[in-house]
DNA sequence: CACCTATGTTAACGGTGATAACATTAAGTT
DNA sequence: AACTTAATGTTATCACCGTTAACATAGGTG
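Protein chains in written order, with the working numbering: chain G, 844 to 1045; chain W, 844 to 1045.
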């Protein structure tokens, strides 16, 4: 874990701790980690981390910033070769969201679940060019092309599509989606919902 | 907390502990409670609870059974004076789900979030006549009346409507729904989604 | 060099879930 | 009624948790 010349002072503890925490979260598949586990992984005593993070939640908040980069990566890759504002584009965005939720289970939970500081979660979600904004723009484009009379509804429509994707992702994340319909498939459901929402009112 | 004649043996510790845990969860608005807090509330030593629950998760699982009764209560009341299988009926069911999620925040989280034993959560959701089954029957009725050609899709449609309601409820639960659209209203969104899903394909 | 600040260390505190060893009572058998 | 046993309480204890305090070491600046 990237240590300086000195055996006493680490040199880059803050960043290394964040990365170590992220690795740990990913490896155990849960963000229910321990400060001591992180410290041990970096090769440092537990209280050393309190020089760089006011408390455990501050460390998790720092990891959460990485997760937003991660989901943007999924989204960017998903829409790389797709014409923006098409139905296929919206499918790709939804699909990326679902895949992130299952691939990076613990990060997805860390991003949204209600532990610790609520406000930092909201701030982080808004801070950068997030997945939501990409979705919003894609929907705006789609509506302008195919349903110009509903173009003013793009924000509401984006919120609704996000909610639907999030519900499907969350239920799958918590292994609940197939509780009642054992054949339920997240991607199929979302494609159905996408079409229903976009053609509504016609 | 209902004690027997003996000052030593409690008499009904198991049930009292479940109720005390539920009260505690409701009062602090989180299911992140402590065995000791529950024990103190019942007036008993902490390890006494381990005679009745194998571990903390077992106690929470017992509380979760109560929460399913609670949400069924919301649903039953919501549909009391409404003709089944109508659009108004579906609105009422969705509305009840959203209200439960905000009114009984901690219970809602306890019901669905991924802590401890996954299988007990699935089992509990399936065990009784749950909210989902009510929703499923209502949709079946609605489709038979208004869209008989889609009657075979009732299970998929119910899963989709549940997912959507769940997504909206979860985002609101985690105070994320208005992150991007500050005017977002859960009930309005769900009504829009309900109509979109039901009329899709026409 | 002297000093200050940043950043490590070990020691300790109260609280946690959980177990072990022991105490008390209720219930059943004779 | 007396003895046994199982159920269900108790206190003592464990390892671990997040966190703070007190102390140690290094690097940078006068």
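Here a beta-carbon is modelled for each residue, glycine too, at the ideal position from N, C-alpha and C. Quick caveat: nothing in here was measured; it's all calculated off a predicted structure.
- Scanning its chain for C-beta atoms nearer than 8 angstroms, with the 5 sequence neighbours on each side dropped, one finds around residue 941/W the residues 1008, 1011, 1012, 1015, 1029, 1030 and 1033, in chain order.
- Just measuring C-alpha positions, the residue of 976/G, 983/G, 864/G and 1020/G sitting nearest residue 909/G is 864/G.
- Contact with chain G is found for residue 965/W, since one of that chain's Cβ atoms lies less than 9 angstroms from the residue's Cβ.
- By the C-beta criterion, the stretch 982 to 994 of chain G is judged not to be in contact with the stretch 988 to 1003 of chain W, since fewer than 3 inter-stretch pairs fall below 8 angstroms.
- The beta carbon of residue 947/W sits no closer than 9 angstroms to any beta carbon of chain G.
- Chain-ordered listing is empty here: chain W has no CB closer than 7 angstroms to the CB of residue 896/G, the nearest sitting near 21 angstroms.
- The criterion of a C-beta distance shorter than 9 angstroms is not satisfied by residue 858/W and residue 964/G.
- Straight-line measurement puts the Cα of residue 957/G at about 33 angstroms from the Cα of residue 930/W.
- DSSP places residue 874/G in the coil class of the three-state scheme, outside both helix and strand.
- If you look at residue 995/G, you'll find it isn't in any alpha helix (DSSP H); DSSP assigns it neither H nor E.
- Between residue 935/W and residue 917/W a beta carbon distance of about 10 angstroms is seen, past the 8 angstroms cut, so the two are scored as non-contacting.
- Around residue 887/G, the same chain offers 853 and 856 as residues with beta carbons nearer than 7 angstroms, after the five sequence neighbours per side are excluded.
- Counting only the Cα atoms, residue 1005/W lies some 12 angstroms from residue 1021/G.
- Interface annotation for the stretch 894 to 923 of chain G against chain W: empty, criterion Cβ-Cβ distance under 7 angstroms.
- Counting the other CB atoms within 10 Å of its CB gives residue 923/G a total below 16, which places it among the exposed residues.
- Secondary structure of residue 950/G (DSSP, three-state): helix.
- Note that the C-beta distance between residue 937/W and residue 873/W is not below 9 angstroms.
- By the rule that beta-carbons nearer than 9 angstroms mark a contact, residue 1040/W touches chain G.
- Straight through space, the alpha carbons of residue 948/W and residue 870/W are spaced by roughly 11 angstroms.
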